[in-house]
Amino acid sequence: MKKIILLALGLLVLSCAKHINQSQNTTKESNSLQTVFKNQFYVGAALNERQIKGSDTKGNRILEKEFNTISPENCMKWMFLQPKPNVFDFKMADKYVALGEKINAHIIGHTLVWHSQLAAFMKEEQDSAQMASYIHNHIQTVVSRYKGKIGTWDVVNEALKENGDLRQSVFLNVLGEGYLSQAFKWAAQYDPNAKLMYNDYNICHPKKRAGVVRLVKQLQADGARIDGVGIQAHWDLKKPSIQQIEETILTYAALGVQVSFTELDISVLPNPWELVGAEVSQNFEKYIGDKTMDPYSKGLPDQVQDALAARYQELFKLFVKHQDKIDRVTFWGISDKNSWLNDFPIKQRTNYPLLFDRNYQPKKAYSSLLELQ
Ligand code: G3I
-12 MKKIILLALG LLVLSCAKHI NQSQNTTKES NSLQTVFKNQ FYVGAALNER
38 QIKGSDTKGN RILEKEFNTI SPENCMKWMF LQPKPNVFDF KMADKYVALG
88 EKINAHIIGH TLVWHSQLAA FMKEEQDSAQ MASYIHNHIQ TVVSRYKGKI
138 GTWDVVNEAL KENGDLRQSV FLNVLGEGYL SQAFKWAAQY DPNAKLMYND
188 YNICHPKKRA GVVRLVKQLQ ADGARIDGVG IQAHWDLKKP SIQQIEETIL
238 TYAALGVQVS FTELDISVLP NPWELVGAEV SQNFEKYIGD KTMDPYSKGL
288 PDQVQDALAA RYQELFKLFV KHQDKIDRVT FWGISDKNSW LNDFPIKQRT
338 NYPLLFDRNY QPKKAYSSLL ELQ
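Residue numbers (our numbering): -12 to 360.
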């Protein structure tokens, strides 16, 4: 009898061990970007309107599984939030923030002060006191509304030219460079606990990088709090080099701010003009329909798929190496289907910049990141 009991116990132990093994395998299979990089940095995606409304079923499923931070691709830009003086429309932004709270994500606000996608009345304003008061009202209203909910604000977006000088935006022209620290001070005043960022593209390039350094030092000298620099990371398969990105991480971290990669995507399409970054006013209408500019409209060759996976893997290896300096890595979209890069700088192309394909299936680039666990 004793023998039988021991045998039964032995079988039970074996079966439990098998179960533990199986459940470990299941956990491994259900691994996701947010679990793989959980102890290193947030991993996120920018959301379009359908995703914010929850009607992109497949995209929303990916969002919940993979990402622990979200950015609003368009809905929090000035032209949508405050199209007319003191007339605010928070419908979509409220939905966005509610979604972030529901899925327990770190919620990004993008963006408070940006010359693009600005309301018409702001573009026309010439009076400096009036413009300052508009900016103050915008920051006060928007930041206060989401105080304690939006964890990080892109306070100022794209204030620099490619040579590192300040961009001749309507803000600079009417207010002078003091608008920069003033914007950060107002944001800090209306939510003292939110992280405040300067966000821009092509800022791994040495000249523009030097401009960011000057800007951050100026903000600090003016007594404005800046917590992070957002490197947008609209890149391609080769540029910028890993070395240049690493130098950039080290340069910004040395200023005492955190670094985030805020709009990551890797274009695989020809860029014969060597355009960098994301200046949306650059658009090349005459190339629409030109097949040499759109070589993968029927599918991405394996070789390019592999190159994309390798590029993503080497980037994330670098991010992991510098995890102590990096707060967040956000992809500018969920699937290739809705990437802005299908329409920039030439409209109606077929680009493949993200980790999930047009059918929302994970690409080789996705597995190349899960391999880093
Ligand atoms: O809302 C209209 C819609 O009514 C119309 O039917 C449709 C027809 O094309 O256009 C819609 O507006 C588009 C808008 O996205 C919403 O989809 C604009 O044409 C289009 O220009 C706009 O592009 C956005 C772009 O910012 C504008 O600057 C992209 O989606 C968005 O991904 C992009 O995001 C920026 C970041 O905010 C800042 N960094 C660069 C990045 C890429 O440009």
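Don't be surprised by glycine CBs; every beta carbon is placed ideally from N, CA and C.
I'd like to confirm something about residue i: is its beta-carbon nearer than 8 Å to some heavy atom of the ligand G3I, or not?
i: tyrosine 185; result: no
i: glutamate 145; result: yes
i: histidine 125; result: no
i: lysine 82; result: no
i: histidine 93; result: no
i: tryptophan 65; result: no
i: glutamate 149; result: no
i: tryptophan 140; result: no
i: glutamate 250; result: yes
i: glutamate 272; result: no
i: asparagine 189; result: no
i: serine 247; result: no
i: asparagine 35; result: yes
i: threonine 98; result: yes
In this structure, does DSSP put residue i in helix, strand or coil?
i: glutamine 230; result: helix
i: methionine 63; result: coil
i: asparagine 47; result: helix
i: tryptophan 222; result: strand
i: glycine 163; result: coil
i: asparagine 150; result: coil
i: alanine 170; result: helix
i: glutamine 176; result: helix
i: alanine 241; result: coil
i: leucine 99; result: strand
i: arginine 315; result: strand
i: alanine 181; result: coil
i: valine 199; result: helix
i: asparagine 346; result: coil
i: tyrosine 121; result: helix
i: tryptophan 140; result: strand
i: leucine 251; result: strand
i: asparagine 12; result: Here asparagine 12 scores only 38 on pLDDT, less than 50, and its place in the model is too uncertain to base an answer on.
i: isoleucine 236; result: helix
i: aspartate 277; result: coil
i: lysine 351; result: helix
Looking only at its chain, what residues have a beta carbon closer than 8 Å to the beta carbon of residue i, apart from the 5 residues adjacent to it on each side?
i: valine 84; result: Ile94, Tyr133, Lys136, Ile137
i: alanine 294; result: Leu224, Val255
i: alanine 197; result: Gly151
i: glutamine 27; result: Phe306, Val307, Gln310, Ile313
i: serine 326; result: Asp252, Trp319, Gly320, Asn338, Pro340, Leu341
i: glutamine 205; result: Glu164, Leu167, Ser168
i: tryptophan 104; result: According to the sequence displayed, residue 104 carries glutamine and not tryptophan. Correct list, in chain order: Asn61, Lys64, Trp65, Met66, Phe67.
Take residue i and list the residues in its own chain whose beta-carbon comes closer than 6 Å to its own, dropping the five residues that flank it on each side.
i: asparagine 231; result: The sequence given here has glutamine at residue 231, not asparagine. Contacts found: Cys191.
i: phenylalanine 24; result: Val30
i: aspartate 209; result: Ser168
i: methionine 280; result: Pro257, Tyr274, Ile333
i: serine 355; result: Ala296, Tyr299, Gln300
i: aspartate 323; result: Tyr339, Leu341, Asp344, Arg345
Starting from the C-beta of residue i, find all residues in its chain whose C-beta is less than 7 Å away, skip the five residues before and the five after it, and write them out in chain order.
i: threonine 128; result: Phe75
i: valine 200; result: Thr238, Leu242
As a quick exercise: from the options, pick the residue whose alpha carbon is nearest that of residue i.
i: isoleucine 122; options: Pro332, Thr249, Trp222, Gln169; result: Gln169
i: alanine 107; options: Phe77, Ser131, Lys182, Lys64; result: Lys64
i: tyrosine 185; options: Glu145, Gln21, Lys350; result: Glu145
i: tyrosine 188; options: Trp101, Arg212, Gln207; result: Trp101
i: aspartate 114; options: Asn160, His97, Ile229, Gln155; result: Asn160
i: glycine 217; options: Thr98, Ala174, Ile39, Asp81; result: Thr98
i: isoleucine 229; options: Gln300, Asp277, Lys194, Ile213; result: Gln300
i: valine 203; options: Leu147, Leu356, Glu272, Ile39; result: Leu147
i: lysine 82; options: Gly41, Ile49, Ala296; result: Gly41
i: cysteine 62; options: Glu36, Leu20, Phe54, Lys285; result: Glu36
i: glutamate 234; options: Phe271, Ile213, Pro193, Glu272; result: Pro193
i: threonine 317; options: Lys351, Asp330, Glu112, Leu50; result: Leu50
Between residue i and the ligand GDP, is there a pair consisting of the residue's CB and a ligand heavy atom that are separated by less than 8 Å?
i: tryptophan 327; result: Questions concerning the ligand GDP fall outside what the structure shown contains, since the ligands it does hold are the ligand G3I.
Rounded C-beta distance between residue i and residue j? I'm assuming under 8 Å.
i: threonine 249; j: glutamine 219; result: 6 Å
i: alanine 211; j: lysine 172; result: 5 Å
i: isoleucine 126; j: alanine 174; result: 6 Å
i: glutamate 60; j: leucine 34; result: 6 Å
i: serine 247; j: arginine 315; result: 4 Å
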